[in-house]
Amino acid sequence: MKKPKKQQSGSTPAIVALERAGAPFTVHAYEHDPAVAAYGQEAAEALGVDPRQVFKTLVAEVDGALTVAVVPVSGSLDLKALAAAVGGKRAAMADPAAAERTTGYVRGGISPLGQRKRLPTALDASARSHPTICVSAGRRGLEIELSPADLAALTDAVVAPIARD
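So that you can map any letter, position 151 of the sequence shown is 167 in the working numbering, and since no number is skipped, the others follow by simple counting.
Structure (structure tokens):
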């Protein structure tokens, strides 16, 4: 990966959670373009990282309960696979306002770590094929690089094939 820029002033709840846990991580900052809607792809390009190694955090409803899905930005979420992974029957994307209100983050900056309310989490199994992955640090233009094992442990995530190419 490219050398990270200096950390922007002010931590996010995700960074605080990692610091408290004592997990090793690196913060990568980049200039977010407000005109870009594909936040994860923008992060991968700005950081010069393979999009299969940058993961987006999506909030879905599984049997009526909000659930976090962490999948590569190069793919999409398989809702049936997510439901099966967390022991549910039906899954649909959550209302963006409900996702923001529950996690405490804004769309494009939702981190799987440090959420206002801890939600059940599923991490795509492809994460295991990388020594480190990048996820949102809780703000657009800010990513955290950490090991998939640490992310899974810190979020109590189920690791399962929940993404489609």
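A virtual CB, placed ideally from N, CA and C, is assigned to each residue, including glycine.
| Item | Value |
| --- | --- |
| Candidates T83, A59, T42, of which the one nearest A138 by Cα | T83 |
| Exposure of S127, with buried meaning 16 or more beta-carbon neighbours within 10 Å | buried |
| Three-state secondary structure assigned by DSSP to T148 | coil |
| C-beta contact flag for V89 and P67 at 8 Å | yes |
| The ligand ZN heavy atom lying under 7 Å from the CB of R117 | Judged by which ligands are present, the structure shown has none, so any question about the ligand ZN falls away. |
| Presumed contact (8 Å Cβ cut-off) between P164 and I149, rounded CB distance | 5 Å |
| Cα-Cα separation between F41 and V151, rounded to whole angstroms | 11 Å |
| Per-residue DSSP class, three states only, for P88 | strand |
| Residue interval of the alpha helix (DSSP H) (run including K133) | Neither: K133 is in no alpha helix (DSSP H) and is coded neither H nor E. |
| Inter-residue spacing [alpha-carbon to alpha-carbon] between Q69 and S92 | 14 Å |
| Assumed close pair L74, A85 - CB separation to whole angstroms, cut-off 8 Å | 5 Å |
| Cα-Cα separation between F71 and Q131, rounded to whole angstroms | 16 Å |
| Length-filtered (4 minimum) alpha helix (DSSP H) runs lying within the region 154-181 | 164-171 |
| First and last residue of the uninterrupted beta strand (DSSP E) at A39 | Looking at the DSSP string, A39 is not in any beta strand (DSSP E), and its letter there is neither H nor E. |
| Burial state of D181, where buried means 16 or more other Cβ atoms lie within 10 Å | exposed |
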